[in-house]
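Novice:
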Amino acid sequence: MLTHAAIRTTIAGPWGPLHVAATERGVVAVEWLTTDAAFDMALARRLAAPVVDAAAADHDDPRRAQLEAAVAALEALLGGGPTIGEIRLDLADRPPWDRRVLAAVADIEWGRTASYGEIARRIGAPRAARAVGGALGRNPISLLIPCHRVIAADGTIGGYGGDAWGSREERLAIKRALLLREGVTVAALGD
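For the sequence shown, the positions run 371 to 561 when the working numbering is used.
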């Protein structure tokens, strides 16, 4: 378990508050459809360390730069453009399989998609499309690791968000909207 704490902030998103947290290593969590208290509690349990509101952190706190870079990238993405700047991700607490999947998904460019099977092939596990979906359902850094860009092999939208937040319908509506913002038409996804 990690012994370092994260700092977090909350920004306005099109589907409600977006919670963002960073450690000294990089961005550790991005979530929505939750409350500050629930986000803090789940992240503190996951990291086995306290989570501090960025407003209460020192101005020279090294985690602040990670958090500010993440917020800028998220605002660019939600504004309809590609993320900006280099974002460091802290996946140290994730299992090796999840890290492999999430690293491959992080490489999917803005406005592009890949199937679960394509991701499985990219990481050398061509029969593991379902396991890729499982890892994406556990993605702790939504949007910055763009699991919304992963679709089913037949071109349909697939799933989104695991069971972590909102209803299935809410999650799929968000995925459709994110893809549309990136110029991926819903009609091309079989809807």
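Cβ coordinates follow ideal geometry from the N, Cα and C atoms, glycine included.
Is Met371 helix, strand or coil by DSSP?
Specialist: In this prediction, Met371 has a pLDDT of 39, which is less than 50 and means its spatial position is unreliable; what the coordinates show is noted afterwards. DSSP places Met371 in coil when its eight states are reduced to three.
Novice: To which residues of the same chain is Ala522 closer than 6 Å at the C-beta, ignoring the five residues directly before and after it?
Specialist: Same-chain partners within the cutoff: Gly528.
Novice: Which residue from Tyr486, Val502, Ser485, Thr555 puts its Cα closest to that of Trp588?
Specialist: Nothing can be reported for residue 588: it is not among the residues displayed for the chain, which extend from 371 to 561.
Novice: Take Ile544 and list the residues in its own chain whose beta-carbon comes closer than 6 Å to its own, dropping the five residues that flank it on each side.
Specialist: If we look at Ile544 and ignore the five residues flanking it on each side, its Cβ neighbours are Trp385.
Novice: Could I get the ranges of all uninterrupted beta strand (DSSP E) runs contained in the region 409–484, with 3 residues as the minimum, in chain order?
Specialist: Those beta strand (DSSP E) runs which fall completely within the region 409–484 and span 3+ residues are 421–423.
Novice: Just reading off the alpha helix (DSSP H) that Ala392 is part of, what are its end residues?
Specialist: Counting along the chain, Ala392 falls outside any alpha helix (DSSP H), though it belongs to the beta strand (DSSP E) covering 386–392.
Novice: With C-beta atoms as the reference, is Ala392 less than 9 Å away from Ala376?
Specialist: Yes; because the gap between Cβ atoms is below 9 Å, this pair is in contact.
Novice: Which term fits Asp524, buried or exposed, when burial requires 16 or more other beta carbons within 10 angstroms of its beta carbon?
Specialist: Asp524 is exposed by the Cβ-count criterion.
Novice: Out of curiosity, what's the CA-to-CA distance linking Arg433 and Leu514?
Specialist: The straight-line gap from Cα to Cα measures roughly 17 Å.
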